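Okay, so here's the structure we're looking at.
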Ligand SMILES: Nc1nc2c(ncn2[C@@H]2O[C@H](COP(=O)(O)OP(=O)(O)OP(=O)(O)O)[C@@H](O)[C@H]2O)c(=O)[nH]1
Ligand SMILES: [Mg+2]
């Protein structure tokens, strides 16, 4: 693997230079502004320096591509750390505490919880040597690695959803919209996938408008929708659609604080049995404490993964990371807007890392080829 540094008057020109010299396998991980001295102040120039490395091989395109992409991201961050660790400048050994203070402020500005910030600071203090500690980029890369390691993804099931899939979650987080997105993609045969015969079922006993909302999605996409109110009706409905390729179950949002309502819903859903794959939908903009609470209160629904919605509505992700790093549940999908069916993605760590603010490491190009 070769490293490079290129400079040009603008970032775009520097990137273009890199692309021309090294092609698509070049990855940029840092950019820096520089001013050339000139003579007696004349001819001073502003330049942008970009650094990175050229990957040895093309990334393999296999079924496990996303996992490999993720491993690649982690090892990429490790390689950068290693490389920076080897560049030891004597002047960098001073001032370790200010770096930690800056780091805490940086994490706080990204809405990470106090606990998360404390554990990260402790790890930085104990795992990095004084030279690394005095270098902001090295500290940032180490922290990025810690953050990346908190993410888990259920990519295999996201790419091919089990036959029976349902969403539970608090009110208004985007469950119905997400079900509609999944339904449309499956029915239309998204990407290279085959079309699947899809049915939508909604558990709608109580809320005015819920039935109409999902029906109107169903009408638009020409996908049949069933509305059930009791365990018996749900059981009959599931039997009736045994031949369908995909049955999507939408539930009415419940406040995690409303125990009676949660229990009623649980009783109805019990007939779905173990072969139904449940996901918990949570909105990215939710406060960390409320995320923690919902993760715990919806546990009786035996959800296997998380769907993170409304990622477009927030520009901080610290709350989410602080909450999810304590949960063993992987992420299945992320919703990035209201549009059906486009605003739904199979998430990767980069999707979140690129939303971090104030880092001097070039997050945008952390893992994309330039
Ligand atoms: N910005 C944004 N809005 C979203 C997203 N997903 C859903 N919404 C919007 O959020 C609102 C609520 O969406 P629903 O799908 O009805 O939410 P729900 O969880 O089914 O709500 P209940 O059934 O009442 O619990 C709607 O206005 C959606 O258009 C998203 O990813 N981003
Ligand atoms: Mg709904």
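Residue numbers (my numbering): 162 to 531.
Note that CB positions come from ideal geometry on N, CA and C, so glycine has one too.
What you are looking at is a predicted structure, and each value in this text was computed from that prediction instead of being measured.
Using three-state DSSP, classify residue 478 as helix, strand or coil.
-> Counting from 1 along the chain shown, the entry for residue 478 is found at position 317. Of the three classes helix, strand and coil, the one that applies to residue 478 here is coil, per DSSP.
Please find out if some non-hydrogen atom of ligand 1 comes closer than 7 Å to the beta-carbon of residue 506.
-> Position 345 of the chain shown, counting from 1, holds the residue named residue 506. No, Cβ of residue 506 sits at least 7 Å from all heavy atoms of ligand 1.
CB-CB under 6 Å to residue 359, same chain, minus the five flanking residues each way: which ones, in chain order?
-> Counting from one through the chain shown, the residue named residue 359 turns up at place 198. The answer, listed in chain order, is 344, 347, 348, 384 and 407.
Check whether residue 330 and residue 443 have beta carbons under 8 Å apart | In the chain shown, residue 330 corresponds to position 169, counting from 1. In the chain shown, residue 443 corresponds to position 282, counting from 1. Cβ distance < 8 Å, so residue 330 and residue 443 count as in contact.
Best match in 411, 513 and 392 for proximity to residue 431 [C-alpha to C-alpha] = Numbered from 1 along the chain shown, position 270 holds the residue referred to as residue 431. If we check each option's Cα against that of residue 431, 392 comes out closest.
Close-in-space but distant-in-sequence residues of the same chain around residue 423 (CB under 6 Å, 5 per side omitted) | Counted from its first residue, the chain shown places residue 423 at position 262. Its chain contains 415 as the residues whose beta carbon lies nearer than 6 Å to that of residue 423, once the 5 sequence neighbours on both sides are disregarded; these appear in chain order.
C-alpha gap between residue 519 and residue 421, whole angstroms | Indexing the chain shown from 1 puts residue 519 at position 358. Indexing the chain shown from 1 puts residue 421 at position 260. Distance between the alpha carbons of residue 519 and residue 421: 44 Å.
With a Cβ-Cβ cutoff of 8 Å, do residue 478 and residue 271 count as a contact?
-> Position 317 of the chain shown holds residue 478. Position 110 of the chain shown holds residue 271. In contact: residue 478 and residue 271 (Cβ atoms closer than 8 Å).
Does the Cβ of residue 330 lie closer than 7 Å to at least one heavy atom of ligand 1?
-> Within the chain shown, residue 330 is the residue found at index 169, counting from 1. Flag set: Cβ of residue 330 near ligand 1.
Would you say residue 474 touches ligand 1, meaning its beta carbon is less than 7 Å from a heavy atom?
-> Indexing the chain shown from 1 puts residue 474 at position 313. The answer is yes for residue 474.
CB of residue 492 within 8 Å of CB of residue 466, strictly | One-based indexing of the chain shown puts residue 492 at position 331. One-based indexing of the chain shown puts residue 466 at position 305. Cβ distance < 8 Å, so residue 492 and residue 466 count as in contact.
Where the beta strand (DSSP E) through residue 311 begins and ends | As a working mapping, residue 311 is identified with position 150 in the chain shown. No beta strand (DSSP E) holds residue 311; the alpha helix (DSSP H) holding it covers 297-311.
Assign residue 400 to one of two classes, buried (16 or more other C-beta atoms within 10 Å of its C-beta) or exposed (fewer than that).
-> For the purposes of this step, residue 400 is identified with residue 239 of the chain shown, where counting begins at 1. Exposed, since its Cβ has fewer than 16 Cβ neighbours within 10 Å.
Could you name the residues of the same chain whose beta carbon sits closer than 6 Å to that of residue 456, not counting the 5 residues immediately before and after it, in chain order?
-> Locating residue 456 in the chain shown gives position 295, counting from the first residue. Once the five neighbours on either side are set aside, the close Cβ partners of residue 456 are 488.
Please report the residue range of the beta strand (DSSP E) in which residue 185 lies.
-> Here residue 185 refers to the residue found at position 24 when the chain shown is read from its first residue. Here residue 185 belongs to no beta strand (DSSP E), and DSSP marks it neither H nor E.
Going by the C-beta, is residue 411 closer than 7 Å to any heavy atom of ligand 2?
-> Translated into positions along the chain shown, residue 411 becomes position 250. Because some heavy atom of ligand 2 lies under 7 Å away, the Cβ of residue 411 counts as near it: yes.
Per DSSP, residue 168 is paired with what?
-> As a working note, residue 168 is residue 7 in the chain shown. Residue 168 is bridged by DSSP to 210.
Buried/exposed call for residue 506, threshold 16 Cβ in 10 Å = To locate residue 506, count along the chain shown from 1; it is residue 345. With fewer than 16 Cβ atoms within 10 Å of its Cβ, residue 506 is classed as exposed.
Can you round the beta-carbon distance between residue 188 and residue 214 to whole angstroms, since I take them to be within the 8 Å contact cut?
-> Position 27 of the chain shown holds residue 188. Position 53 of the chain shown holds residue 214. So it is a contact: roughly 6 Å between Cβ atoms.
Counting only runs of 4+ residues fully inside the segment 416-504, write out the alpha helix (DSSP H) ranges in chain order.
-> 420-430, 449-458 and 479-485
Smallest Cα separation from residue 314: which of 302, 336 and 513?
-> As a working mapping, residue 314 is identified with position 153 in the chain shown. If you compare the alpha carbons of 302, 336 and 513 with that of residue 314, the shortest gap goes to 513.
Tell me whether residue 391 sits in a helix, a strand or coil according to DSSP, three-state version.
-> Residue numbering aside, residue 391 sits at position 230 when the chain shown is read from its first letter. Of the three classes helix, strand and coil, the one that applies to residue 391 here is coil, per DSSP.
Nonlocal neighbours in the same chain, by C-beta distance under 7 Å from residue 278, ignoring five residues either side = Position 117 of the chain shown, counted from the start, is the residue given in the question as residue 278. So the qualifying residues of the chain are 265, 268 and 269.
Could you pull out every residue in the same chain whose Cβ sits closer than 6 Å to the Cβ of residue 437, ignoring the five residues on either side in sequence?
-> For the purposes of this step, residue 437 is taken as residue 276 along the chain shown, with counting starting at 1. Taken in chain order, the residues that qualify are 325 and 327.
Which whole-angstrom value describes the C-beta separation of residue 484 and residue 523, a residue pair presumed to lie in contact below a C-beta threshold of 8 Å?
-> Taking the first residue of the chain shown as position 1, residue 484 is located at position 323. Taking the first residue of the chain shown as position 1, residue 523 is located at position 362. Not really, about 27 Å apart at Cβ, beyond 8 Å.
Can you give me the Cβ contacts of residue 235 inside the same chain, cut-off strictly under 6 Å, excluding the 5 residues immediately before and after it?
-> Counted from its first residue, the chain shown places residue 235 at position 74. Excluding residues within five positions, the ones whose Cβ falls inside 6 Å are 309.
Just to confirm, are residue 501 and residue 378 a CB contact at a threshold of 8 Å?
-> Numbered from its first residue, the chain shown carries residue 501 at position 340. Numbered from its first residue, the chain shown carries residue 378 at position 217. Yes; because the gap between Cβ atoms is below 8 Å, this pair is in contact.
Across which residues does DSSP place residue 522 in a beta bridge pair?
-> Sequence index remark: in the chain shown, residue 522 carries index 361 (1-based). Paired residues: 191.
Answer yes or no: the CB of residue 134 versus the heavy atoms of ligand 2, is any distance below 7 Å?
-> This structure gives no information on residue 134, because the portion of the chain shown stretches from 162 to 531.
If residue 183 and residue 319 are in contact, beta carbons under 8 Å, what's the gap, nearest whole angstrom?
-> The count along the chain shown starts at 1 and reaches residue 183 at position 22. The count along the chain shown starts at 1 and reaches residue 319 at position 158. Their Cβ separation, rounded to whole angstroms, is 32 Å, which puts residue 183 and residue 319 out of contact at 8 Å.
Per-residue burial, residue 232 [other beta carbons within 10 Å of its own, 16 or more giving buried] = For the purposes of this step, residue 232 is taken as residue 71 along the chain shown, with counting starting at 1. By the neighbour-count rule (16 or more Cβ atoms within 10 Å), residue 232 is not buried but exposed.
Tell me which same chain residues have a C-beta within less than 6 Å of the C-beta of residue 193, skipping the five on either side of it?
-> In the chain shown, residue 193 corresponds to position 32, counting from 1. The answer, listed in chain order, is 210.
Under 8 Å between C-beta atoms of residue 480 and residue 509 = The count along the chain shown starts at 1 and reaches residue 480 at position 319. The count along the chain shown starts at 1 and reaches residue 509 at position 348. Going by C-beta atoms, residue 480 is not nearer than 8 Å to residue 509.
Confirm, please, whether the CB-CB distance from residue 496 to residue 475 is below 8 Å.
-> Working through the chain shown from its first residue, we reach residue 475 at position 314. Working through the chain shown from its first residue, we reach residue 496 at position 335. No, the pair does not count as a contact, with Cβ atoms beyond the cut-off.
Which value, in whole angstroms, describes the spacing of the CA atoms of residue 388 and residue 450?
-> Position 227 of the chain shown, counting from 1, holds the residue named residue 388. Position 289 of the chain shown, counting from 1, holds the residue named residue 450. Spanning the alpha carbons of residue 388 and residue 450 requires a straight line of approximately 33 Å.
Between the C-alpha atoms of residue 468 and residue 441, what's the straight-line distance to the nearest angstrom?
-> For this step, residue 468 is matched to residue 307 along the chain shown. For this step, residue 441 is matched to residue 280 along the chain shown. The alpha-carbon atoms of residue 468 and residue 441 are separated by roughly 6 Å.
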